[in-house]
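First up is the structure itself, then whatever we jot down about it.
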Amino acid sequence: MAIREEVSGIGSMSKRTDLNVSKQPIRYISGMPYGEGQATYDQQAAAPMAVNPLAEVASEVTPITATTQRANEPITTGIDIGAGAGSEALAPMPAPMAPTPSLADTFNLLIKYDPSGDSELVYRRLVDEGY
Numbered sequence: 011m012a013i014r015e016e017v018s019g020i021g022s023m024s025k026r027t028d029l030n031v032s033k034q035p036i037r038y039i040s041g042m043p044y045g046e047g048q049a050t051y052d053q054q055a056a057a058p059m060a061v062n063p064l065a066e067v068a069s070e071v072t073p074i075t076a077t078t079q080r081a082n083e084p085i086t087t088g089i090d091i092g093a094g095a096g097s098e099a100l101a102p103m104p105a106p107m108a109p110t111p112s113l114a115d116t117f118n119l120l121i122k123y124d125p126s127g128d129s130e131l132v133y134r135r136l137v138d139e140g141y
């Protein structure tokens with residue numbers, strides 16, 4: 011389902027754009043405190059919201075059961091063996107995340123910010139118990 015928007019022309023060829031069809035429908039939300047459901051409904055009617063721009067993208071997703079759109083591309087494209095481009099053709103992967111610090115490491119960092127000294131006591135206990 012493509013989003014259909016009317017675009018205004020210039021001068022005598024101008025059109026109304028406030029009547030575009032790609033607006034979210036007004037919905038009544040039940041279960042809210044007394045009066046808030048109607049107030050929310052009235053707000054939606056007064057200022058219609060635009061449709062999510064990703065709705066158009068979602069409609070362009072190819073189903074897994076569809077026939078191939080790249081009949082001449084080798085099935086091994088994207089991997090480093092066989093015919094076709096290797097892994098250099100793929101988008102770069104994000105950098106791996108840093109390992110999560112242990113609970114003892116976290117308390118060790120808190121020691122310098124804790125004037126009561128409780129963080130140091132907890133840290134020493136965790137270290138003694140092998141955490």
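All residue numbers for the sequence shown refer to the numbering used here, where the first residue is 11 and numbers rise by one. Positions of the beta carbon are idealized from the N, C-alpha and C atoms, including for glycine. The model shown is predicted, which means the values in this text are computed figures rather than measured ones.
*State the Cα-Cα distance for the pair Y44 and T110, rounded to the nearest angstrom.*
46 Å
*asked:* Less than 6 Å between C-beta atoms, sequence neighbours within five positions excluded: which residues of the same chain meet that for Y142?
replied: No information on residue 142 is available, as it lies outside the stretch 11 to 141 that the chain covers here.
*asked:* In chain order, what are the residue ranges of uninterrupted beta strand (DSSP E) at least 3 long that sit wholly in the segment 91-119?
replied: none
*asked:* For M11 and G41, what's the separation of their Cα atoms in angstroms?
replied: Bear in mind that the predicted position of M11 carries a pLDDT of just 46, short of 50, making it unreliable; the figure below should be weighed with that in mind. About 31 Å.
*Inter-residue Cα distance where the pair is N51 and P73*: Here the sequence assigns Tyr to residue 51, which means Asn is not the residue at that position. Roughly 36 Å separates the two Cα atoms.
*Could you pull the start and end residues of the alpha helix (DSSP H) that E130 belongs to?*
128-138
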